[in-house]
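In the working numbering, the protein residues as written are 20 to 192.
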């Protein structure tokens with residue numbers, strides 16, 4: 020079962036984006052989903068359908084990602100509890116074999132790695148994306164939008180406050 024870790028990475032992205040939203044709760048809630056969760060699968064499909072637009076908007080011609088861009092990446096893990104850990108990555112840049120960045124939060128099933136550690140990954144491993152808009156609210160986060168209702172109400176309310184109403188900028192719809 021993949022692991023979805025929305026809150027801490029969301030708060031981290033917000034801290035980079037706008038001081039007004041940096042006061043969101045810092046506690047992390049790990050949400051474990053089944054690999055065949057249809058709502059999550061649909062959210063990943065929708066996020067991937069708009070991934071090229073998000074990458075074009077968030078990564079410059081020099082291959083360096085804007086701090087407003089985060090990617091949720093599924094890394095294979097070797098544990099009986101999960102086949103992959105899906106975790107947010109920040110400080111994105113293009114690399115020879117795909118992308119590189121830094122883990123935005125501490126993984127549960129990736130021994131020896133912690134938030135801030137460098138990782139590399141292929142585009143096919145990207146499950147979701149987040150892009151902070153001009154108003155300081157976040158577009159994307161398709162999987163987070165599904166998981167909101169599974170979180171404690173206080174955390175769900177804090178996340179709703181920083182996400183845009185629609186997951187896509189109007190120009191992309």
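Glycine included, each C-beta is placed from N, C-alpha and C at the ideal position.
All values reported here derive from a predicted model rather than from experimental measurement.
What span of residues does the beta strand (DSSP E) with residue i cover, start to end?
{"i": "residue 90", "result": "88-95"}
I need the straight-line Cα distance from residue i to residue j, nearest angstrom please.
{"i": "residue 97", "j": "residue 127", "result": "12 Å"}
{"i": "residue 167", "j": "residue 142", "result": "25 Å"}
{"i": "residue 188", "j": "residue 120", "result": "24 Å"}
{"i": "residue 61", "j": "residue 179", "result": "20 Å"}
{"i": "residue 28", "j": "residue 57", "result": "Reliability fails at residue 28, whose pLDDT of 43 lies under 50, so the model's placement of it is uncertain and the value that follows must be treated cautiously. Spanning the two alpha carbons is a distance of roughly 23 Å."}
{"i": "residue 46", "j": "residue 172", "result": "With a pLDDT of only 33 at residue 46, under 50, the local geometry of the prediction cannot be trusted, and the value read off the model is given with reservation. Answer to the nearest angstrom: the Cα atoms are 13 Å apart."}
{"i": "residue 55", "j": "residue 163", "result": "16 Å"}
{"i": "residue 170", "j": "residue 102", "result": "23 Å"}
{"i": "residue 106", "j": "residue 125", "result": "9 Å"}
{"i": "residue 64", "j": "residue 190", "result": "20 Å"}
{"i": "residue 174", "j": "residue 155", "result": "18 Å"}
According to the Cβ coordinates, are residue i and residue j closer than 7 Å?
{"i": "residue 158", "j": "residue 183", "result": "yes"}
{"i": "residue 114", "j": "residue 122", "result": "no"}
{"i": "residue 92", "j": "residue 161", "result": "no"}
{"i": "residue 112", "j": "residue 84", "result": "yes"}
{"i": "residue 108", "j": "residue 90", "result": "yes"}
{"i": "residue 165", "j": "residue 59", "result": "yes"}
{"i": "residue 94", "j": "residue 104", "result": "yes"}
Which one or two residues does DSSP pair with residue i in a beta bridge?
{"i": "residue 121", "result": "109, 137"}
{"i": "residue 149", "result": "89, 159"}
{"i": "residue 82", "result": "Answer is none; residue 82 lacks a bridge partner."}
{"i": "residue 184", "result": "The partner list for residue 184 (beta bridge, DSSP) is empty, contrary to what the question assumes."}
{"i": "residue 114", "result": "117"}
Terminal residues of the continuous alpha helix (DSSP H) containing residue i?
{"i": "residue 70", "result": "70-77"}
{"i": "residue 178", "result": "172-181"}
Give me the residue from the options with the minimum Cα distance to residue i.
{"i": "residue 67", "options": "146, 163, 181, 191", "result": "146"}
{"i": "residue 87", "options": "74, 174, 102", "result": "74"}
{"i": "residue 185", "options": "118, 136, 104, 152", "result": "152"}
{"i": "residue 117", "options": "78, 104, 173", "result": "78"}
{"i": "residue 70", "options": "144, 55, 105, 125", "result": "144"}
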